[in-house]
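All remarks here apply to the structure that follows.
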Amino acid sequence: MGDVRSYEHDVLVIGAGGAGLRAAIEAAAHGAKVALICKSLLGKAHTVMAEGGAAAALGTVVDQDNWRVHFRDTMRGGKMHNNWRMAQIHAQEAPDRIRELEAWGALFDRTADGRINQRPFGGHTYQRLAHVGDRTGLEMIRVLQDKAVHAGVEVHMECTVIKVLVVDERAAGALGYFRETGRFALFRAGAVVLATGGIGKAWQVTSNSWEYTGDGHYLAYDAGAELIDMEFVQFHPTAMVWPPSVRGILVTEGVRGEGGVLRNSQGERFMFRYMPEMFKGDFAATEQEADAWVTGDRMKNRRPPELLTRDVVSKAIVKEIEDGRGTPHGGVFLDIASKRPADFIKQKLPSMYHQFKELADVDITKDPMEIGPTTHYVMGGVKVDAESQMSTVPGLFAAGEVAGGMHGANRLGGNSLSDLLVFGRRAGQHAAELAKRRGRPPASPRAAVDAAVQGALAPFERPTGENPFAVQAALQDVMQRKAGIVRDRSGLEQTLAELERLTERARHVGIAGSREYNPGWHTALDLRSLLAVSEMTARAALERTESRGAHTRGDHPDSDPKQERRQVVVRRDADRMTVRWEAQPELPADLAKLIKEGA
Amino acid sequence: MSEQRRLRIFRGTRSSGELKEYAVEAGEGMVVLDAVHKIQAEQAPDLAVRWNCKAGKCGSCSAEVNGRPKLMCMTRLSDYPVEQPITITPMKAFPLVRDLVTDVSWNYEVNKRIPGFRPRTPDAPDGTWRMFQYEVERPQEFRKCIECFLCQDVCHVLRTHGKHQEFIGPAFLVRAAAYETHPLDVAERRDFLKTEGGIALCNITKCCTEVCPESITITDNAIIPLKERVVDAHYDPLAALWRKLTGKSND
């Protein structure tokens, strides 16, 4: 281990987006010595790109809103597949977490009486998203970032973790490397929190950055933890489609929240034709009613169908395009120009205005946007205890996107930013308490560390081996074509066969050059995570022979009551990935009644 | 409709390096970062470059394009004449790591030293505050900062004179201005700005404002009002008279 620098902390947080930062702040507040590892520079994590807002039943705009309504919306949006206790905790604690951000300096947009303003969003009964124009994530990450550095959290930037160390069946730290130098570092810790975000880089068209390679999902899997719901991947309905180089870049749901409408190439507002049975009666029946809701009385009129949940809207868009009613560049139109004045659009959606103007030469205050679905978020992830966020490996916690259960089969917009805060805090607290009880972390298993270092350096021994970027592109291609919005058995079986070939190719990738800031090497190492999460998704999607929420099977288009509240659990057994089914616990009677009868 | 473009990219380390020319097929709407990624994927896997969001929201892919500080993800190839090569070099105001990546850690150290947010006591019995939209709009302009550090890169106090030890740079004057104009904040930062912050070193050439990808009016809206606050706090007429009469400093 000569080359490996060693650190010791009470709590090690891997990932520095909203969940990781909130966990680190809480652990430090509980007296723990905390290290926070960022794959990028601090403040650049995916949270920074979140646009629309954070959902919390503050009731500052609509008095009737409360945690019960939020809980019911979340469960119905998740097609009843959510971990009910997580959905309940989330709805109950989100308002406090948002108010706490304000006390730490966050500047949310205001209501006329000086309180935090809330905007409407898909699947939420009432206006519920605390927001800052369309750059809510930036505000959140900046506040958390400054809070964390002032709380004495030790930050390690541009460091990628390649292994979580397990000693005596408990998490005891992690091994990583610094990108700048290529040197390895061993972080020994009493408790480890995974907050690594999602897996979107496994698809070609994605709103996710290079970091989103499923590292935390893989690290947990490798450490022996169970993962759930990996078939549920959210395809966000609205992303840019033109020009080709920007395909997949997100267009916030806030556009629809502020009155934007979806039209096909014939000018029809097609969402009126796609109302699911479960939501009939909750949404406007006519364009007049929908328009009246946008600009007039929100109590007398019902919401526009553009604000249905993301799974429903994405599938509707795909269907319109398939049936020949798409735009010239293979999308549909999102139009706010004809619904709102230019000044309003620039004030409420400044970065959307800027993004379309700079990258697509489109003025969204004058013309409609061309949009289509993009890979956005994974509902599945590490199986955790709802109260503590601890995984099935003692001492290993997970919070935010890397954790599974909270969002069920489909996440509501705005529920991610609040999820990060609520469960980031809980993970940080419980990790700190556990580390305190545990005392100093044990010595690391030297053989495991040496083997991991050796494995990571292997690509340098094959300077003429295959290009890792080519393997990554081939993986994204198969996942896009066969494990995308609509899947079927033969496509998923082909995916698994192709992933096996790609795993073999990944064993032979080679790198030229040095260990210092070498993106080819980083991509070679990320392949391991990408391959693992792709296999998890394909296996789980093959198992679930029904369509539910974001998981759509062309060969099983309906929901199967027998698969309701049953989930696919993935786990490593030696070198083999195993899947099994597990029934989720029943909802308590009062919560079941609440969902059935309304809050 | 793709066309051949030529890019001259700096390749090297702190000790040695050179501009290397690459040819790349450029498709419609491509930005400089796309071209750099294409070169990385097809010709030079070890070409070092930072990026994250590719949508102008994270401020990771800062570099100099034909000598101008830019976000590579928001700079279209079509903005440059096709017959000329486009030259891409790393930010000059920070130490080089490799190729297009610089060591920007100094910025994070500076940020740590700025006295943090401290709110007044809550306005309402439930522990919350009341603020109005017109009050939050001013600090919200500064909160748009994506920490791309292009303003730090162009600032001659840092870029030409290397006064990183005496001056925190426009980016962190913007951060300080965000706190100072926050309706709830009561912390004291004027001493910090005058001494450690080195605010007097800024001689308002407005280069920072010109390069800001978020269009923050850095000089006029952030730095000049901060300079006024610092002068107000430190101008003591009696002390000035004493200096004038005695010729002595009263520090």
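First to last, the sequence lines map onto chains A and B.
Residue 1 is where the first sequence starts when you use the numbering used here, and the numbers rise one by one after that.
Residue 1 is where the second sequence starts when you use the numbering used here, and the numbers rise one by one after that.
Every residue gets a Cβ at the ideal spot worked out from N, C-alpha and C, and that includes glycine.
Proximity of residue i and residue j at Cβ, strictly below 8 Å
i: aspartate 109 of chain A; j: glutamine 84 of chain B; result: no
i: aspartate 323 of chain A; j: proline 368 of chain A; result: no
i: alanine 399 of chain A; j: glycine 380 of chain A; result: no
i: arginine 185 of chain B; j: arginine 76 of chain B; result: Rather than arginine, the amino acid found at residue 185 of chain B in this sequence is aspartate. Against a cut-off of 8 Å, the Cβ pair of arginine 76 of chain B and aspartate 185 of chain B comes out as no contact.
i: lysine 147 of chain A; j: isoleucine 25 of chain A; result: yes
i: leucine 421 of chain A; j: valine 332 of chain A; result: no
i: alanine 427 of chain A; j: glutamine 454 of chain A; result: no
i: valine 663 of chain A; j: valine 166 of chain A; result: Only positions 1 to 599 of chain A appear in this structure, which leaves residue 663 of chain A out of reach.
Start-to-end residues for the alpha helix (DSSP H) that takes in residue i
i: arginine 426 of chain A; result: 415-438
i: tyrosine 179 of chain B; result: 169-180
i: threonine 20 of chain B; result: It should be pointed out that residue 20 of chain B corresponds to lysine in this sequence rather than to threonine. Taken as a continuous stretch (DSSP letters only), lysine 20 of chain B belongs to no alpha helix (DSSP H), being part of the beta strand (DSSP E) at 17-26.
i: valine 449 of chain A; result: 446-457
Same chain, Cβ closer than 7 Å to residue i, neighbours up to 5 away in sequence not counted
i: aspartate 251 of chain B; result: Below a pLDDT of 50, predicted positions are generally treated as unreliable, and aspartate 251 of chain B, at 47, falls in that range; no measurement from the model is reported.
i: histidine 164 of chain B; result: Trp106, Leu158
i: valine 449 of chain A; result: Met1, Val4, Leu175, Leu186
i: alanine 284 of chain A; result: Ala290, Trp293, Asn301, Arg302, Arg303, Pro304, Pro305
i: alanine 409 of chain A; result: Gly78, Lys79, His81, Phe232, Met379, Arg548, Gly549, Ala550, His551
i: glutamine 152 of chain B; result: Ala93, Asn107, Leu158, Gly169, Pro170, Ala171
Rounded C-alpha distance that separates residue i from residue j
i: threonine 578 of chain A; j: isoleucine 37 of chain A; result: 30 Å
i: glycine 52 of chain A; j: glycine 413 of chain A; result: 8 Å
i: leucine 308 of chain A; j: valine 230 of chain B; result: 52 Å
i: valine 205 of chain A; j: glycine 248 of chain A; result: 5 Å
i: histidine 70 of chain A; j: aspartate 590 of chain A; result: 15 Å
i: tyrosine 179 of chain B; j: phenylalanine 121 of chain A; result: 30 Å
i: proline 585 of chain A; j: asparagine 82 of chain A; result: 11 Å
i: glycine 20 of chain A; j: alanine 431 of chain A; result: 12 Å
i: arginine 340 of chain A; j: leucine 107 of chain A; result: 25 Å
i: alanine 550 of chain A; j: threonine 495 of chain A; result: 19 Å
i: glutamine 266 of chain A; j: arginine 325 of chain A; result: 7 Å
i: asparagine 518 of chain A; j: proline 463 of chain A; result: 13 Å
i: glycine 27 of chain B; j: aspartate 34 of chain B; result: 10 Å
i: glycine 219 of chain A; j: alanine 191 of chain A; result: For the sequence presented, residue 219 of chain A should be read as leucine rather than glycine. Going from the Cα of leucine 219 of chain A to the Cα of alanine 191 of chain A covers about 14 Å.
i: alanine 45 of chain A; j: glycine 17 of chain A; result: 5 Å
i: glutamate 320 of chain A; j: histidine 522 of chain A; result: 39 Å
i: valine 48 of chain A; j: tryptophan 242 of chain B; result: 52 Å
i: glycine 173 of chain A; j: aspartate 558 of chain A; result: 44 Å
Residue burial classification, residue i (beta-carbon count within 10 angstroms, cutoff 16)
i: glutamate 158 of chain A; result: buried
i: tryptophan 203 of chain A; result: buried
i: alanine 48 of chain B; result: buried
i: threonine 537 of chain A; result: buried
i: glutamine 40 of chain B; result: buried
i: aspartate 65 of chain A; result: buried
i: arginine 120 of chain B; result: exposed
i: proline 328 of chain A; result: exposed
i: histidine 234 of chain B; result: exposed
i: glycine 133 of chain A; result: buried
i: threonine 246 of chain B; result: exposed
i: tryptophan 581 of chain A; result: exposed
i: threonine 219 of chain B; result: buried
i: alanine 473 of chain A; result: exposed
i: asparagine 111 of chain B; result: buried
i: threonine 286 of chain A; result: exposed
i: valine 568 of chain A; result: buried
i: glutamine 127 of chain A; result: buried
Where the beta strand (DSSP E) through residue i begins and ends
i: cysteine 151 of chain B; result: Element bounds for cysteine 151 of chain B: not the beta strand (DSSP E) but the alpha helix (DSSP H), 150-154.
i: leucine 165 of chain A; result: 159-167
i: phenylalanine 397 of chain A; result: 396-398
i: valine 69 of chain A; result: It is not in any beta strand (DSSP E) - valine 69 of chain A instead sits in the alpha helix (DSSP H) that spans 67-77.
i: tyrosine 177 of chain A; result: 170-178
i: leucine 587 of chain A; result: Segment: none, leucine 587 of chain A is in no beta strand (DSSP E) and carries neither H nor E.
i: arginine 6 of chain B; result: 3-12
i: phenylalanine 333 of chain A; result: 332-335
Contacts around residue i, its chain only, beta-carbon distance under 6 Å, and the 5 residues preceding and following it disregarded
i: cysteine 207 of chain B; result: Val154
i: glutamate 401 of chain A; result: Gly197, Gly198
i: glutamate 504 of chain A; result: none
Residue i CB to nearest heavy atom of the ligand PLP below 7 Å
i: glycine 27 of chain B; result: Judged by which ligands are present, the structure shown has none, so any question about the ligand PLP falls away.
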